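For the record, the sequence lines run as chains A and B. Just so you know, this note's numbering puts 45 at position 45 of the first sequence, and the rest follows in order with no gaps. To convert, count from 1 in the second sequence and add 201; that's this note's numbering. Here the structure comes first, spelled out in structure tokens, and everything after it is commentary.
Protein chains: 2
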Amino acid sequence: MARPREFDPDVALDAVMRLFWLQGFQGTSIDDLVRVTGMNRYSLYGVWGDKHALYLAAVRRYAESIGAEWMARLDASEDPLAGIREMFVAMSAAIAEDTSRHGCLALNTALELGRHDDVARGLVREILDAMQAAFERALVRARDLGQLAPGADPAVHARHLAVSFQAVLLQARNGAPRETVDAFVTVALSTLPEVSRCDVV
Amino acid sequence: MARPREFDPDVALDAVMRLFWLQGFQGTSIDDLVRVTGMNRYSLYGVWGDKHALYLAAVRRYAESIGAEWMARLDASEDPLAGIREMFVAMSAAIAEDTSRHGCLALNTALELGRHDDVARGLVREILDAMQAAFERALVRARDLGQLAPGADPAVHARHLAVSFQAVLLQARNGAPRETVDAFVTVALSTLPEVSRCDVV
DNA sequence: GGAGTTACGGAACGATCATTCCAGAATGAG
DNA sequence: CTCATTCTGGAATGATCGTTCCGTAACTCC
């Protein structure tokens, strides 16, 4: 019925997401987005609305792709406590290799827009809450498997793990030396309320 | 010999620092700075140079006032482990009261400018390293007082504490619920390698 | 094949930005 | 008082920003 579009909105949004992830909201111009998507400027407005709406769409895409992948891997781990450990180790390894220091789009959003923008802050909160919930699911599974020390509160430790994971991601953007990240992860993971010699006594 | 300036550079830099702290580098215009300092636009350039140089001066001022105050308090604590605990508790309390979500200027800088700006990143690194060193001093003092479990490495735990403190500050900007911050602090502080019943056994 | 609809490329607009220029005002030295 | 010097208020500059308009091209349906 009309001229077909020459772009794939999904592919384009992915490119947009990656550019915002790298450069931030204010640091990315519409010209940049036109260049990276190969799209027409006007079409870009037609599909997603203005820059702010496009940014929110990119953050949602981030949550549904990058974020969901990490959480799915955690949920799929047969040994939940080992899954949590692997998650931190994998992230610190990923950081060490990321010379362009992406960090985490959700945290970047919280820092850049969160103070003024209630919608963005709510979106970030959803993402972080989802991560916290994933940690809590893993801890509850661990408890049911008898891996947890009695009296340990999965909710409290899930909060700690979620914030700790954010701390690691912050170091990513920050360019902290690997030994700092490793030292942090080691000590942070030592809080996992696993059944240990000490508790058995 | 000439017309005297109508402003105090120290007072002005303080106001500049607070505005950058709240609004970020890109989020603060020269007009904003003119307004908040009451200074002349041209004088502002004359004293500090361009916007970027002014921002770096503000970050240095932040380190020398706000940052140094926290570290001095830690160094002054008679009971070093208690001093560390109080530092985290005081910060989470301060966060809960700060409805405008300042966060930490050093971390904000790392996130906003750190990817491109080597000078800014180096400056932030100095600040964070200084904080880590302060934690390490406290832990070494604790060890000398016999408060630390044998075999505990002050350097490793100092890294953990420094990153954990950053994590708390991140929650500030983020607007996380107080219970999350409290849960994190409680668990994070439980890693302090204090002599305990378990170790005595 | 013509009509209607949608996408395209690019120019154009108004606002805001960092930075600089300029004319007048305030001071101290001679 | 006069002059050199420095500061002040505000206008001007040039670039970049997000957003919109417009003439043309490509496609489907009748």
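Here a beta-carbon is modelled for each residue, glycine too, at the ideal position from N, C-alpha and C. Source: prediction; values computed, not measured.
Asked                                                                                                                                                                                              : Found
Counting only beta-carbon separations shorter than 7 Å, does Thr238 of chain B have a partner in chain A?                                                                                          : no
Rounding to the nearest angstrom, what Cα-Cα distance links Ala203 of chain B and Gly247 of chain B in this structure?                                                                             : 15 Å
Could you give the first and the last residue of the continuous alpha helix (DSSP H) run that contains Phe208 of chain B?                                                                          : Segment: none, Phe208 of chain B is in no alpha helix (DSSP H) and carries neither H nor E.
Should Thr229 of chain B be labelled buried (16 or more other beta-carbon atoms within 10 Å of its own) or exposed?                                                                                : buried
Which residues in chain A sit within 7 Å of Val364 of chain B, going by Cβ to Cβ distance?                                                                                                         : Ala167, Gln171, Thr180, Phe184
Is it the case that the region 66 to 76 of chain A contacts the region 36 to 52 of chain A, given that we only count it when at least three CB pairs across the two stretches are under 8 Å?       : no
Answer yes or no: do Phe184 of chain A and Arg360 of chain B have a C-beta to C-beta separation smaller than 7 Å?                                                                                  : yes
Less than 8 Å between the CB atoms is what I'm expecting for Arg374 of chain B and Gly304 of chain B, so what's the real figure, rounded?                                                          : 3 Å
Mind listing which residues of the region 134 to 160 of chain A have their C-beta closer than 9 Å to chain B's C-betas, in chain order?                                                            : Asp153, Ala155, Val156, His157, Ala158, Arg159, His160
Are there 16 or more other CB atoms within 10 angstroms of the CB of Arg342 of chain B, so buried, or fewer, so exposed?                                                                           : buried
Please state the DSSP three-state secondary structure of Glu279 of chain B.                                                                                                                        : coil
What are the start and end residues of the alpha helix (DSSP H) that includes Ile328 of chain B?                                                                                                   : 319 to 345
In this structure, how does DSSP classify Leu105 of chain A when only helix, strand and coil are distinguished?                                                                                    : helix
What does the Cβ neighbour count give for Val320 of chain B, buried or exposed, with the cut at 16 atoms within 10 Å?                                                                              : exposed
How far does the alpha helix (DSSP H) with Ala359 of chain B in it extend, from its first residue to its last?                                                                                     : 355 to 375
What residues in the region 300 to 324 of chain B have a beta carbon less than 8 Å from any beta carbon of chain A?                                                                                : Ser301, Arg302, Gly304, Leu308, Asn309, Ala311, Leu312, Glu313, Gly315, Arg316, Arg322
Beta-carbon of Thr392 of chain B versus every beta-carbon of chain A: anything under 7 Å?                                                                                                          : yes
Beta-carbon within less than 7 Å of Pro154 of chain A's beta-carbon, same chain only, minus the 5 sequence neighbours each way: which residues are those?                                          : Glu136, Leu139, Val140, Arg143
Which residue's Cα is closest to the Cα of Asp211 of chain B: B:Asp233, B:Leu255, B:Gly376?                                                                                                        : B:Leu255
Would you list the residues sitting across from Glu194 of chain A in a DSSP beta bridge?                                                                                                           : A:Leu148
For Arg316 of chain B, count neighbouring Cβ atoms within 10 angstroms of its own Cβ and tell me buried if that reaches 16, exposed if not.                                                        : buried
Mark Gly347 of chain B as exposed unless 16 or more other C-beta atoms lie within 10 angstroms of its C-beta, in which case mark it buried.                                                        : exposed
Output the distance between the C-alpha atoms of Leu19 of chain A and Ser301 of chain B, rounded to the nearest integer angstrom.                                                                  : 28 Å
By the criterion of Cβ-Cβ separation under 7 Å, what are the contact partners of Val260 of chain B in chain A?                                                                                     : Chain A residues near Val260 of chain B: none, gap ~14 Å exceeds 7 Å.
According to the Cβ coordinates, are Ala63 of chain A and Met17 of chain A closer than 7 Å?                                                                                                        : no
Alpha carbon to alpha carbon, what distance is there between Trp48 of chain A and Ala12 of chain A?                                                                                                : 11 Å
Does the beta-carbon of Val401 of chain B have 16 or more other beta-carbons within 10 angstroms, so that it is buried, or is it exposed?                                                          : The predicted model places Val401 of chain B with a pLDDT of 47, which falls under 50 and marks its position as unreliable, so this point remains unresolved.
By a C-beta neighbour count over all protein chains shown, 10 Å radius and 16 as the cutoff for buried, is Ala389 of chain B buried or exposed?                                                    : buried
Rounded to whole angstroms, what is the Cα-Cα separation between Arg398 of chain B and Leu282 of chain B?                                                                                          : Per-residue confidence for Arg398 of chain B stands at a pLDDT of 49, beneath the threshold of 50, marking its modelled position as unreliable; the derived number appears in the next sentence. Whole-angstrom Cα-Cα distance: 17 Å.
Mind listing the chain A neighbours of Val388 of chain B? Cutoff is C-beta to C-beta under 7 Å, in chain order.                                                                                    : Val156, His157, His160, Thr191
Please state if the CB of Met91 of chain A and the CB of Val163 of chain A are separated by a distance shorter than 7 Å.                                                                           : no
Give every residue of the same chain whose Cβ lies closer than 8 Å to the Cβ of Met272 of chain B, excluding the five residues on either side of it in the sequence, and list them in chain order. : Ala331, Met332, Ala335
Quick one: does Asn241 of chain B have its CB under 7 Å from some CB of chain A?                                                                                                                   : no
Take the Cβ of Gly376 of chain B as the centre, count every other Cβ of all protein chains shown within 10 Å, and call the residue buried at 16 or more, exposed below.                            : buried
Work out the CA separation of Ser244 of chain B and Val382 of chain B for me, nearest whole Å.                                                                                                     : 43 Å
Report the neighbours of Gly376 of chain B on chain A: residues whose CB is nearer than 7 Å to its CB, in chain order.                                                                             : Gly114, Arg121
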